[in-house]
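Asks: Line order of the protein sequences matches chains Y and F.
Adding 44 to a residue's 1-based position in the first sequence gives its number in this note's numbering.
Adding 44 to a residue's 1-based position in the second sequence gives its number in this note's numbering.
C-beta: ideal position from N, C-alpha, C; glycine also.
Number of protein chains: 2
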Amino acid sequence: MMKRFALFVSLLAIAGSLSAQELTNFSFGRQAPVISPEIQADSVTFRLKADYATIVKLNASWMGAMGGTVDMKRGENNVWSVKLPLPSPEIYTYSFMVDGVSVNDPQNIQVQRDGQRFLNMLIVPGKRTENYGEANKRGTVRYMWYDSALLGSNRRMVVYTPYGYETSPKEKYPVLYLLHGGGGDEEAWTSMGRAAQILDNLIEKGLAKPMIVVMPNGNPGQQAAATLNLPTKQVQMQDAYVKSLVTEIIPFIEKNFRAIPKKESRAIAGLSMGGGHTLSASGLYPGTFGYICPLSIGSQPSEELNNRLQGIKKAGYNLYWFGVGNTDFLYQSALSLDKALTDNGLEHTFFVTDGGHTWANWRNYLDTFSRLLFK
Amino acid sequence: MMKRFALFVSLLAIAGSLSAQELTNFSFGRQAPVISPEIQADSVTFRLKADYATIVKLNASWMGAMGGTVDMKRGENNVWSVKLPLPSPEIYTYSFMVDGVSVNDPQNIQVQRDGQRFLNMLIVPGKRTENYGEANKRGTVRYMWYDSALLGSNRRMVVYTPYGYETSPKEKYPVLYLLHGGGGDEEAWTSMGRAAQILDNLIEKGLAKPMIVVMPNGNPGQQAAATLNLPTKQVQMQDAYVKSLVTEIIPFIEKNFRAIPKKESRAIAGLSMGGGHTLSASGLYPGTFGYICPLSIGSQPSEELNNRLQGIKKAGYNLYWFGVGNTDFLYQSALSLDKALTDNGLEHTFFVTDGGHTWANWRNYLDTFSRLLFK
Chain Y
45 MMKRFALFVS
55 LLAIAGSLSA
65 QELTNFSFGR
75 QAPVISPEIQ
85 ADSVTFRLKA
95 DYATIVKLNA
105 SWMGAMGGTV
115 DMKRGENNVW
125 SVKLPLPSPE
135 IYTYSFMVDG
145 VSVNDPQNIQ
155 VQRDGQRFLN
165 MLIVPGKRTE
175 NYGEANKRGT
185 VRYMWYDSAL
195 LGSNRRMVVY
205 TPYGYETSPK
215 EKYPVLYLLH
225 GGGGDEEAWT
235 SMGRAAQILD
245 NLIEKGLAKP
255 MIVVMPNGNP
265 GQQAAATLNL
275 PTKQVQMQDA
285 YVKSLVTEII
295 PFIEKNFRAI
305 PKKESRAIAG
315 LSMGGGHTLS
325 ASGLYPGTFG
335 YICPLSIGSQ
345 PSEELNNRLQ
355 GIKKAGYNLY
365 WFGVGNTDFL
375 YQSALSLDKA
385 LTDNGLEHTF
395 FVTDGGHTWA
405 NWRNYLDTFS
415 RLLFK
Chain F
45 MMKRFALFVS
55 LLAIAGSLSA
65 QELTNFSFGR
75 QAPVISPEIQ
85 ADSVTFRLKA
95 DYATIVKLNA
105 SWMGAMGGTV
115 DMKRGENNVW
125 SVKLPLPSPE
135 IYTYSFMVDG
145 VSVNDPQNIQ
155 VQRDGQRFLN
165 MLIVPGKRTE
175 NYGEANKRGT
185 VRYMWYDSAL
195 LGSNRRMVVY
205 TPYGYETSPK
215 EKYPVLYLLH
225 GGGGDEEAWT
235 SMGRAAQILD
245 NLIEKGLAKP
255 MIVVMPNGNP
265 GQQAAATLNL
275 PTKQVQMQDA
285 YVKSLVTEII
295 PFIEKNFRAI
305 PKKESRAIAG
315 LSMGGGHTLS
325 ASGLYPGTFG
335 YICPLSIGSQ
345 PSEELNNRLQ
355 GIKKAGYNLY
365 WFGVGNTDFL
375 YQSALSLDKA
385 LTDNGLEHTF
395 FVTDGGHTWA
405 NWRNYLDTFS
415 RLLFK
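Printed below as a string of structure tokens:
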């Protein structure tokens, strides 16, 4: 009896799963399944079934500074393919061009979002990427909303709490405010930046302190990522977002989470535009953040900058860590910020890597500086 | 001084936003922007720029029971388009076929995920969809992990807490366990089902009680949605997932959230396979759930079923609400479950609608039965 009932429920379950997706798969049933991407020892093969296409190409983010395009060749059953040397361990993105139109790989469900675009990921395993995959002990990632009186809207942020946050109700945690760049939004650091995976792995290995990570939306006129299609507005106020960050978001976090509300337990880091926000927030509100980590940003010499750096020096800080790639278009201005820090007598780490204004660098910087926080 | 510094930071912000996305937009700079989809009074126009394509079609979920395909026509600047009558208010999905290959609309960032596929949404406004858009007061959506000893893995669930949960630390809430169908995962109800928006809107309007909604992964061998690319395993145990739900997930939720731990404050609902899980969980663990809402499922008559229904009747319940579409392929078996409920003397609501085994129905059912819970 039990068995018959269970079998019937199972049959229903199968019938219930006949979504459009399964029907598509059925139509391929008689041919070998298309596998893409397929990583072999030192190569990677991309494949796309395209029955009626004339030209199919691969757009690959790792080929040249702006990405490159390579032709694919039609094979059996109209499966187009190209086999390339495996690039060095990193997370790359790619898409196909089918008769001039960009197409995602239907065999690859791993996707990241870059602004308006959803891009397939190629994750090449290795030392460089060992903290970018799923850890065994994972934190919680929340989508939350806060009311900003300053910006006049209800706004979304992504908040990571480390493994154990829920089960250790007496423990309090330090907080990293982690800011995205231009064209990004509150999901940039979790989608492209692998922030949750990096923190999960480092904390699990004992390499980073358990911490809360707050990733707000840094576009002051925007309530949330454009995927939600919410109205935007013009915000004219000087430093509007940075003011909301320090006077609204920090109090919101310290009220709603078990956060340690003091300078030594607050870090701020951001890339590009978010690096600019990091400079502004630390300069306008000295004594708020003990750890200051601008990434891929710089600053021209100015009296204003000197005044702000003197303010930070006077208020005291635990770490000033500053990363940039040596082919970044902002590299010269980063050298100028490094000099201003030195000239103003601020002890700091200037972390120069290969590469440019890329997520490959920003993931690496997060993987590097987050080990130094709150210690 | 202040101004010069701010201007410089703004310039950096613009420079920093020159991602691939912006470069693409620049290349269109001299032509009129492509707008798609464009809803007019009683029509909707889809457009795709495809310079080298031979045949471009639109796949539209609302055309026929399985979706339909319609030709698009090449126009100025190789922008292909088709204008269709606006379908009735609902959330639909669509894609383009470019020379036989499925392509998403690059102008439409609103995307839902159906298993392995990312599909563009067309949201037609109206009475039917008024609770599917963003409310003004929004709850928090979390991605959390629990350890299942029964299933031998760390597993992900999505947990919604209503607006005010964080700011009312003394309030306790009832919990709805909301289960997906075959081919789905823990994101199905928030992605395709608009569960967060529906609850936000109903709670804001005072039409539903503030409640926690727990959306676990119902595939016992899977740790999380396939987007995370985690290893899967075979699980042979009878009713494995339902056992984990009642003996592991419920205690986890009642420990980690301010949930009211009693029958009258627990609801279970699920669609298709999740409707099967709803029948199993309520039957195997009578007295656990006060509110039982299987959707788009049925059951053949059996002694086992009668025994389970008698168990539920004996333990007592607050509401048995049961929805199905009259063209669902499970409609006959739903009639049979309705009869079994009646024959066994269980007071219940049998909510029959037009339509079949579709998210249009499941969104509508959630929008309907969640108003009746915990009252």
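(1) Let me know if LYS383 of chain Y comes out buried or exposed under the rule of 16 or more other beta-carbons within 10 Å of its beta-carbon.
(2) Grab me the residues of ASP158 of chain Y's own chain with a C-beta within less than 7 Å of its C-beta, minus the 5 sequence neighbours each way, in chain order.
(3) Considering only C-alpha positions, which residue in the set F:LYS287, F:GLN344, F:LYS127, F:ASN405 is nearest to GLN84 of chain F?
(4) So, is the C-beta of GLY367 of chain F closer than 7 Å to a C-beta in chain Y?
(5) Residues in the same chain with beta-carbon distance under 7 Å from GLY119 of chain F, minus the five sequence neighbours each way, listed in chain order, please.
(6) In three-state terms, what does DSSP make of ARG302 of chain Y?
(7) For the ligand GTP, is there any heavy atom lying closer than 6 Å to the beta carbon of ASN164 of chain Y?
(8) By Cβ distance below 6 Å, which residues in the same chain neighbour ASP411 of chain Y in space, the five residues on each side in sequence not counted?
(9) Using a 10 Å radius around the Cβ and a threshold of 16 neighbouring Cβ atoms, would you call ASP95 of chain Y buried or exposed?
(10) Counting C-beta neighbours from all protein chains within 10 Å, is the total for GLU134 of chain Y 16 or more, i.e. buried, or is it exposed?
(11) Could you tell me if PRO345 of chain F is buried or exposed, where buried requires 16 or more neighbouring beta carbons within 10 angstroms of its beta carbon?
(12) Counting only C-beta atoms, is ALA179 of chain F closer than 7 Å to chain Y at any point?
(13) Can you give me the Cβ contacts of PRO1 of chain F inside the same chain, cut-off strictly under 8 Å, excluding the 5 residues immediately before and after it?
(14) To the nearest whole angstrom, what separates the beta carbons of GLU230 of chain Y and MET259 of chain Y, a pair I think is in contact under 8 Å?
(15) What did DSSP end up calling TRP365 of chain F once you bin it into helix, strand or coil?
(16) Is there a Cβ from chain Y that is less than 7 Å from the Cβ of ALA284 of chain F?
(17) For the beta strand (DSSP E) that LYS419 of chain F lies in, which residues bound it at each end?
(18) Among F:ASP191, F:TYR187, F:SER192, whose alpha-carbon lies nearest the alpha-carbon of TYR204 of chain F?
(19) Given a cut-off of 7 Å on the beta-carbon distance, is the pair ARG415 of chain F and LEU251 of chain F in contact?
(20) Do the CB positions of HIS433 of chain Y and GLY318 of chain Y come within less than 7 Å of each other?
(21) Determine the extent of the alpha helix (DSSP H) in which THR234 of chain F is found, giving its start and end residues.
(22) Using a threshold of 7 Å, state whether the C-beta atoms of LEU339 of chain Y and LEU315 of chain Y are closer than that.
(23) Can you find a C-beta in chain F that's less than 7 Å from the C-beta of PRO201 of chain Y?
(24) Do ARG310 of chain Y and VAL219 of chain Y have their C-beta atoms closer together than 7 Å?
(25) Does MET188 of chain Y get closer than 7 Å to chain F when you measure Cβ to Cβ?
(26) Determine the DSSP secondary structure at LYS117 of chain F, reduced to helix, strand or coil.
(27) Could you give the DSSP three-state label for GLN376 of chain F: helix, strand or coil?
(28) Return yes when the Cβ of ILE304 of chain F is within less than 7 Å of the Cβ of PHE333 of chain F, no when it is not.
(29) Between which two residues does the beta strand (DSSP E) containing ASN164 of chain Y stretch?
(30) I need the boundaries of the beta strand (DSSP E) containing LEU92 of chain Y, first residue and last residue.
(31) Could you tell me the boundaries of the beta strand (DSSP E) in which GLY314 of chain F lies?
(32) Could you name the residues of the segment 141–164 of chain Y whose beta carbon sits closer than 8 Å to any beta carbon of chain F, in the order they occur along the chain?
(33) Give the residues of chain F in contact with ASP387 of chain Y, contact being defined as C-beta atoms less than 7 Å apart.
(34) What's the call for SER71 of chain F, buried or exposed, on a 16-neighbour Cβ count within 10 Å?
(35) Measure the Cβ-Cβ separation of ARG199 of chain Y and GLN267 of chain Y and say whether it is below 7 Å.
(36) Quick check on SER343 of chain F: buried or exposed, where buried means 16 or more other Cβ atoms within 10 Å of its Cβ?
Replies: This is what the structure holds:
(1) exposed
(2) MET236
(3) F:LYS127
(4) no
(5) SER125
(6) coil
(7) Summarising the ligand content, the structure contains no ligands, and the ligand GTP is consequently not present.
(8) ASN175, ILE242
(9) exposed
(10) buried
(11) exposed
(12) no
(13) This structure cannot speak to residue 1 of chain F, because chain F is shown only from 45 to 419.
(14) 6 Å
(15) strand
(16) no
(17) Premise fails: LYS419 of chain F is in no beta strand (DSSP E) and is neither H nor E.
(18) F:TYR187
(19) yes
(20) Summary: the structure shown does not reach residue 433 of chain Y, with chain Y confined to residues 45 through 419, and so no result is reported for it.
(21) 232–235
(22) yes
(23) Here the sequence assigns Met to residue 201 of chain Y, which means Pro is not the residue at that position. Cβ-Cβ to chain F under 7 Å: no for MET201 of chain Y.
(24) yes
(25) yes
(26) strand
(27) helix
(28) no
(29) 161–167
(30) 87–93
(31) 310–315
(32) VAL142, ASP143, GLY144, VAL145, SER146, VAL147, ASN148, PRO150, ILE153, GLN154, VAL155, ASP158, GLY159, GLN160, ARG161, PHE162
(33) Within 7 Å Cβ-Cβ: nothing; ASP387 of chain Y doesn't reach chain F, min ~17 Å.
(34) In this prediction, SER71 of chain F scores a pLDDT of 43, lower than 50, which makes its location untrustworthy; the coordinate-derived value is nonetheless stated afterwards. Burial call: exposed.
(35) yes
(36) buried
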